[in-house]
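From first to last, the protein sequence lines stand for chains U and L.
Okay, so the first sequence: first residue is 0 according to numbering that gives the first Met the number 0, each after it adds one.
Okay, so the second sequence: first residue is 0 according to numbering that gives the first Met the number 0, each after it adds one.
Here's the structure we're looking at; comments come further down.
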Amino acid sequence: MKIALAGNPNSGKTTLFNALTGKTEYVGNWAGVTVDKKVAAIKNKYQIVNEPIDIVDLPGAYSISPYTGEEAITSDFVLESKPDVIINIVDGANISRSLFFTTQLLELGIPVVVALNKADIITKRGDIVNGHELEKALGCKVVTITATTEKGLDDLVKTAAHLVGTKQEPLNFNDLDGNNDVARQTWINTILEKSLNKKHNASRVNFSDRIDMVVAHKWFGLPIFFLIMWGVYAFSIEGLGGFLSGYLNDVVFGEVIPDALNGFFEGVGVNPLMQALIVDGAVGGVGAVIGFLPLIMVLFFCLSLLEDSGYMSRVAVIMDRYFKKIGLSGKSIIPMIVGSGCAIPGVMATRTIENENEKRMTTILTPFVPCGAKLPIIALFSVVFFPNTSWVGPSIYIIAIGVIIIGGLLLKKLFVWDNTSFFIMELPEYKLPSIKNAIIQMFDKAKGFIYKATTIILVMNTLVWFMQAFNWKLQATEIQSESILASVGSVIAPLLIPLGFVGWQLAAASITGFIAKENVVATFAVLFAMASEEALHVPGGALSQMFTPVTAYAFLAFNLFTPPCFAAIGAMNAEMDSKKWFFRGLAFQLSVGYILALLITHIGTLIIYGETAEGFVPAIFVLIAYAVGVTFLIKRANHSKTALVATE
Amino acid sequence: MIPTIIVGGIFGIIMLWALIHAKRDLKSNKCAGCSVNNCSSRK
Ligand SMILES: Nc1nc2c(ncn2[C@@H]2O[C@H](COP(=O)(O)OP(=O)(O)OP(=O)(O)O)[C@@H](O)[C@H]2O)c(=O)[nH]1
Ligand SMILES: [Mg+2]
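And the structure:
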């Protein structure tokens, strides 16, 4: 038996889905969180009939005739796969608007139960809903629930299960003439006059509006956003998260575990090469990554609180003002906010954007947002090169916003995109964020992080260890620079000279970073395990001999702003649905990261040390070539535009 | 020699497990973090 959850965005479908199935799908206090359908079996507790029940969570939709890609998923599903019952979630805080979709669902013939959600908000506002009147008017069952506290769910499931096999009577529009959207909404308002008793006058300025006057203010909005982000990043990377990670890295993975393993292996007499493989390769590399677990957990805990409070939807509104200028709208912000966790769901969230150009642009720009996997690199470079400061993490975030805006402008110039889409976002009311939700999301992220470290990172790491321990004749070599890895790295290394990065190790680390960004840290850990007795994370250790602080920062930027990991590149390919745009996007990302690192190295070195950095002359050549190339492309784009206008 | 083989064997099994999962995730185009939380499961 298949029960589908359908309703407006942000009405609480996923919250209900999670409550019914025990899953931990993403819940956020804004519209457009779910962009794909999810199916799961109902929890035993709610399995009240013999036939197994499957629950389907759908993206939110305002209407059965879809506007955007994810709305189409919903209407396709209810129209074509014909679920046995539809639970229509109606947002108790927004009843009138939600019922529009309800009236359309009622015409499909599939049995419908209306789940009037957020009953807690209705009660708090002092509104009174007459369920019987509503049932009579709509001709379907209405069950009042509170998804967050799981109140009324038994009743809901029972009602839904009993309806299986019945046929929904179409709506009786009575005195309604015509069937257009306006008439429909008018009809809804008439039935609500009888069944909904609102206590407050809607035009009253409420608490949320008062907060918005400050945080979504024309001038204060952006500085407040920066301050909040600064706080969150400083707290997670250099504050509590950094402190805990430091302990884990230096003591647990730096001393306790390797010492214990070495002692044990020496005691039982394991071959030294095997010992090195496990201790320096596998455990060293994976440990260097897992050491950052507390940092990831603290960050995602904070971000989740911020999101659930409703603040992030305001950020979309604040950024909309600036994004308009580059041909993006506030809609593009949502993929980017999701992308701060992982670029893949971020890229997938671009489905909510109708305008094709805007969608492409967002798909190309979203991976610039530092995702969770990039945090270990940021944190590593921050502790090694800039100890006891708190600006590195936040500064990367600010650079990311800058890169997105400048990158957007450049894309617009390169491809002459004229987007004039406008953006309306429904702002949910502020609420006290749910600690439970934040903890669930935090542990989800932690689980994912550990899993990733013990699968793909472990595999890559072991490979890196082999490649640095053996030469092409497959003989173990003590001298790293004669190893397979060194010779592979040396092929790429010349490309990094204009950026001021010298050493095959840097090339090798960057390459492994494309498989998964955490690999940059793991590869360094493996490579420098022999060069230094100290853990990787100690200032003044082996890593710090490779860089000056300026080139270190540039290398960090290079790894963060070149194309994302393979999996995210795959997601870009899938969402773009055009090989041409996909490759253009990749080339664009690559050039952005490359030029950014180049500029940081050379301008930074000139200003801070008053001298030129390594690779200065090649850099000048690269820069000239780049400028010529970009100018040519822009000229060509403008030319074809004029040609287009002329022929029209 | 024998301890080396035992330790190597255990490590080999762990590696095999990691390899199978890593390959599956890369193939299905999922970030590993997602596949455990099922966050981007596609049709
Ligand atoms: N007060 C209250 N808030 C709720 C309730 N149910 C859900 N919410 C909140 O409503 C917001 C949206 O919840 P989601 O479950 O993500 O909504 P959705 O319908 O899946 O949204 P989309 O995926 O965007 O269509 C979250 O902040 C929830 O915490 C409820 O019963 N009471
Ligand atoms: Mg949802």
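Cβ coordinates follow ideal geometry from the N, Cα and C atoms, glycine included.
Remember, it's a predicted structure, so these values are computed and weren't measured experimentally.
Which same chain residues, not among the five before or five after residue i, have their C-beta less than 6 Å away from its C-beta?
{"i": "phenylalanine 252 of chain U", "result": "Gly286 and Gly290"}
{"i": "valine 490 of chain U", "result": "none"}
{"i": "leucine 162 of chain U", "result": "Val84 and Pro110"}
{"i": "leucine 239 of chain U", "result": "Val297"}
{"i": "leucine 247 of chain U", "result": "Gly290"}
{"i": "glycine 592 of chain U", "result": "Phe557, Phe560 and Thr561"}
Flag residue i as yes if its beta-carbon sits less than 8 Å from any beta-carbon of chain L, otherwise no.
{"i": "phenylalanine 513 of chain U", "result": "no"}
{"i": "asparagine 179 of chain U", "result": "no"}
{"i": "methionine 571 of chain U", "result": "no"}
{"i": "asparagine 436 of chain U", "result": "no"}
{"i": "methionine 273 of chain U", "result": "yes"}
{"i": "isoleucine 277 of chain U", "result": "yes"}
{"i": "valine 89 of chain U", "result": "no"}
{"i": "alanine 566 of chain U", "result": "yes"}
{"i": "glycine 268 of chain U", "result": "yes"}
{"i": "valine 525 of chain U", "result": "no"}
{"i": "leucine 655 of chain U", "result": "Any property of residue 655 of chain U remains undetermined from this structure, which presents chain U solely from 0 to 647."}
{"i": "valine 250 of chain U", "result": "no"}
{"i": "valine 519 of chain U", "result": "no"}
{"i": "isoleucine 289 of chain U", "result": "no"}
{"i": "valine 297 of chain U", "result": "no"}
{"i": "leucine 15 of chain U", "result": "no"}
{"i": "valine 458 of chain U", "result": "yes"}
{"i": "isoleucine 352 of chain U", "result": "no"}
{"i": "threonine 73 of chain U", "result": "no"}
{"i": "threonine 67 of chain U", "result": "no"}
{"i": "threonine 158 of chain U", "result": "no"}
Tell me the rounded alpha-carbon separation between residue i and residue j.
{"i": "phenylalanine 225 of chain U", "j": "glycine 338 of chain U", "result": "17 Å"}
{"i": "isoleucine 385 of chain U", "j": "aspartate 83 of chain U", "result": "For clarity, residue 385 of chain U is phenylalanine in the given sequence; the question names isoleucine instead. Taking the straight line from one Cα to the other gives about 59 Å."}
{"i": "cysteine 301 of chain U", "j": "alanine 636 of chain U", "result": "44 Å"}
{"i": "threonine 362 of chain U", "j": "valine 402 of chain U", "result": "14 Å"}
{"i": "leucine 175 of chain U", "j": "serine 64 of chain U", "result": "Confidence is the limiting factor: at leucine 175 of chain U the pLDDT is only 49, short of 50, which leaves the residue's position unreliable and the question unanswerable from this model."}
{"i": "alanine 348 of chain U", "j": "glycine 329 of chain U", "result": "13 Å"}
{"i": "isoleucine 633 of chain U", "j": "leucine 408 of chain U", "result": "12 Å"}
{"i": "leucine 137 of chain U", "j": "threonine 143 of chain U", "result": "15 Å"}
{"i": "alanine 92 of chain U", "j": "proline 58 of chain U", "result": "19 Å"}
{"i": "threonine 13 of chain U", "j": "leucine 364 of chain U", "result": "27 Å"}
{"i": "asparagine 7 of chain U", "j": "serine 389 of chain U", "result": "41 Å"}
{"i": "isoleucine 514 of chain U", "j": "phenylalanine 565 of chain U", "result": "5 Å"}
{"i": "valine 181 of chain U", "j": "asparagine 196 of chain U", "result": "22 Å"}
{"i": "leucine 704 of chain U", "j": "serine 482 of chain U", "result": "Since the first residue of chain U shown is 0 and the last is 647, residue 704 of chain U is not available in this structure."}
{"i": "glycine 499 of chain U", "j": "cysteine 370 of chain U", "result": "25 Å"}
{"i": "serine 433 of chain U", "j": "serine 194 of chain U", "result": "31 Å"}
{"i": "leucine 559 of chain U", "j": "tyrosine 25 of chain U", "result": "25 Å"}
{"i": "leucine 170 of chain U", "j": "glycine 108 of chain U", "result": "10 Å"}
{"i": "histidine 20 of chain L", "j": "lysine 451 of chain U", "result": "9 Å"}
Closer than 7 Å by C-beta to residue i: which residues in its own chain qualify, once you throw out the five before and the five after it? Chain order, please.
{"i": "cysteine 139 of chain U", "result": "Leu105, Val111, Val112, Val113 and Gln167"}
{"i": "leucine 457 of chain U", "result": "Ala281 and Val285"}
{"i": "isoleucine 47 of chain U", "result": "Val156, Lys157 and Ala160"}
{"i": "lysine 1 of chain U", "result": "Asp53, Val55, Pro82 and Asp83"}
{"i": "alanine 506 of chain U", "result": "Gly488, Ile491, Ala492 and Leu495"}
{"i": "glycine 392 of chain U", "result": "Tyr232, Ala233, Ile236, Glu237, Ile377 and Ser381"}
{"i": "tryptophan 503 of chain U", "result": "Ala485, Gly488, Ser489 and Ala492"}
So, is the C-beta of residue i closer than 8 Å to a C-beta in chain U?
{"i": "arginine 41 of chain L", "result": "With a pLDDT of only 37 at arginine 41 of chain L, under the threshold of 50, the placement of this residue in the model should not be trusted, and no figure is reported."}
{"i": "glycine 8 of chain L", "result": "no"}
{"i": "histidine 20 of chain L", "result": "yes"}
{"i": "alanine 17 of chain L", "result": "yes"}
Assuming residue i contacts residue j (C-beta within less than 8 Å), just tell me the rounded distance between them.
{"i": "valine 34 of chain U", "j": "glutamate 79 of chain U", "result": "Valine 34 of chain U to glutamate 79 of chain U, Cβ: 18 Å. No contact."}
{"i": "tyrosine 66 of chain U", "j": "glutamate 425 of chain U", "result": "Going by Cβ atoms, the distance from tyrosine 66 of chain U to glutamate 425 of chain U rounds to 14 Å, so no, they are not a contact pair."}
{"i": "isoleucine 210 of chain U", "j": "alanine 445 of chain U", "result": "Not confirmed; about 31 Å, so no contact."}
{"i": "leucine 115 of chain U", "j": "aspartate 56 of chain U", "result": "Incorrect: roughly 18 Å between the Cβ atoms, too far for contact."}
Which residues in chain A have a C-beta closer than 8 Å to the C-beta of residue i? List them in chain order.
{"i": "threonine 461 of chain U", "result": "Structure shown: chain A not included; protein chains present are U and L."}
Sorted by chain position, which residues of the same chain lie with C-beta nearer than 8 Å to residue i's C-beta, five sequence neighbours on each side aside?
{"i": "lysine 430 of chain U", "result": "Asn28, Asp307, Ser308 and Gly309"}
{"i": "tryptophan 471 of chain U", "result": "Ile483 and Ser486"}
{"i": "isoleucine 94 of chain U", "result": "Leu115, Val128, Leu191 and Leu195"}
At a cut-off of 7 Å, is residue i close to ligand 3 when judged by its beta-carbon and the heavy atoms of the ligand?
{"i": "lysine 435 of chain U", "result": "Ligands present in the displayed structure are limited to ligand 1 and ligand 2, and ligand 3 is not among them."}
Any contact of the region 272 to 279 of chain U with the region 462 to 473 of chain U, i.e. 3+ C-beta pairs under 8 Å?
yes
For the structure I just gave you, are there three or more beta carbon pairs, one from the region 127 to 139 of chain U and one from the region 226 to 233 of chain U, closer than 8 Å?
no
Spell out a yes or no on whether the region 592 to 605 of chain U and the region 544 to 563 of chain U are touching, meaning 3 or more CB-CB pairs, one atom from each, closer than 8 Å.
yes
Inter-stretch contact (C-beta, 8 Å, three-pair minimum) for the region 309 to 329 of chain U and the region 214 to 229 of chain U:
yes
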